[in-house]
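Participant:
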Amino acid sequence: EAVQRNKPRIAIVYSVENWDVVERLVNELRYEFRDTYHISALNVKTSQSQSIHEVPHHIRRHYSRCQVVYAIGVVYKSSPHFEPRLMDSLSRRLGALDNLPRLFVPVIDCILVRESKEQIEEDMQKCRFAEEWAKRGVDAFNMLMPC
2 EAVQRNKPRI AIVYSVENWD VVERLVNELR YEFRDTYHIS ALNVKTSQSQ
52 SIHEVPHHIR RHYSRCQVVY AIGVVYKSSP HFEPRLMDSL SRRLGALDNL
102 PRLFVPVIDC ILVRESKEQI EEDMQKCRFA EEWAKRGVDA FNMLMPC
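2 is the number of the first residue of the sequence shown in this note's numbering; add one for each residue after it.
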C-alpha cells in the first residue's frame, strides 16, 4: 500500500464528450487516489469542459493552484467529427501550455484516442488506467516537489 507523506493538490480536467466512458475514468482515478494514496477529495479538484479541444484552456485555471494536473478525455476515430490534426494540436498544447510561466507542474495527458467505443471498452477491461495514471502523477510530484 502506497502512503503519501506530502500529498499533492491535484486537478482533473475532463471533457464531457463521450461522458459515459469519461465519467468512469474520472471516478476510478479519484478512487485510486483515495484508496491507494490516501489523498482526500478535498485535494482533488475537477473541472469540466464541453469539448475536448477546450481542455487546455481549463488547465490554465488550475495550473498555479495545483501541483499535478490531469487531462482526461475520450475521442473515437470513427466519429464523424474526428480530426487527427486537432488531436495532434491538442497533444502539443497539453505539453506546451503556451503563454504560461515555466512552472514545474506536470500535466498528465490522459486523452484516449481509439477506433470506437467497443475498443475502449475492451481496453478498460484489460488495462488499469487509473492505477497507472495515479502512479505517474504521484511519481512526478515526488520527483519535482521539495520534501
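Backbone N, C-alpha and C define an ideal beta-carbon position, used for all residues, glycine too.
Under the three-state reduction of DSSP, which class applies to S79: helix, strand or coil?
Facilitator: Indexing the sequence shown from 1 puts residue 79 at position 78. It is coil, neither helix nor strand.
Participant: Using three-state DSSP, classify R115 as helix, strand or coil.
Facilitator: Looking up residue 115 in the sequence shown gives position 114. Strand.
Participant: Taking its Cβ as the centre, do 16 or more other Cβ atoms sit within 10 Å of C128, making it buried, or is it exposed?
Facilitator: Taking the sequence shown and counting its residues from 1, the one referred to as residue 128 is at position 127. Answer is exposed; the Cβ neighbour count stays below 16.
Participant: Report the option in C67, H39, Y71 whose CA atom is closest to the CA atom of Q49.
Facilitator: Counted from its first residue, the sequence shown places residue 49 at position 48. Residue Y71 is the option with its Cα nearest to Q49.
Participant: Can you list, in chain order, the residues of its chain whose CB lies under 7 Å from that of V1, leaving out five sequence neighbours each side?
Facilitator: Residue 1 cannot be examined here, being either before or after the span of the chain that is shown, 2 to 148.
Participant: On the CB-based measure, 16 or more other CB atoms within 10 Å of its CB, does L43 come out buried or exposed?
Facilitator: Locating residue 43 in the sequence shown gives position 42, counting from the first residue. By the neighbour-count rule (16 or more Cβ atoms within 10 Å), L43 is not buried but exposed.
Participant: What do you get for Q51, buried or exposed, if any count of 16 or more other CB atoms within 10 angstroms of its CB means buried?
Facilitator: Locating residue 51 in the sequence shown gives position 50, where the first residue counts as 1. With fewer than 16 Cβ atoms within 10 Å of its Cβ, Q51 is classed as exposed.
Participant: Where does M144 land, buried or exposed, given buried means 16+ other C-beta within 10 angstroms?
Facilitator: One-based indexing of the sequence shown puts residue 144 at position 143. It counts as exposed.
Participant: Would you call the CB atoms of V69 and A141 closer than 8 Å?
Facilitator: Here residue 69 refers to the residue found at position 68 of the sequence shown. Here residue 141 refers to the residue found at position 140 of the sequence shown. Yes, the Cβ-Cβ distance between V69 and A141 is below 8 Å.
Participant: Nearest to D21 by alpha carbon, out of S65, H54, P57, I73?
Facilitator: The residue you call residue 21 lines up with position 20 of the sequence shown. Comparing Cα positions, the closest option is I73.
Participant: What separation, rounded to the nearest whole angstrom, lies between the Cα atoms of E29 and V108?
Facilitator: By 1-based counting over the sequence shown, the position of residue 29 is 28. By 1-based counting over the sequence shown, the position of residue 108 is 107. When rounded, the distance between both Cα atoms is 18 Å.
Participant: Is V45 helix, strand or coil by DSSP?
Facilitator: Here the question's residue 45 lines up with position 44 in the sequence shown. In this structure, V45 counts as strand in the three-state DSSP scheme.
Participant: If we call anything under 8 Å between Cβ atoms a contact, is S16 one with V27?
Facilitator: Translated into the one-based positions of the sequence shown, residue 16 becomes position 15. Translated into the one-based positions of the sequence shown, residue 27 becomes position 26. Cβ distance not < 8 Å, so S16 and V27 don't count as in contact.
Participant: Since V14 is in the beta strand (DSSP E), which residue starts that stretch and which ends it?
Facilitator: The sequence position of residue 14 within the sequence shown is 13, counting from 1. Here the beta strand (DSSP E) through V14 covers 11-16.
Participant: Would you check if the distance between the CB atom of R10 and the CB atom of P57 is smaller than 8 Å?
Facilitator: One-based indexing of the sequence shown puts residue 10 at position 9. One-based indexing of the sequence shown puts residue 57 at position 56. Against a cut-off of 8 Å, the Cβ pair of P57 and R10 comes out as no contact.
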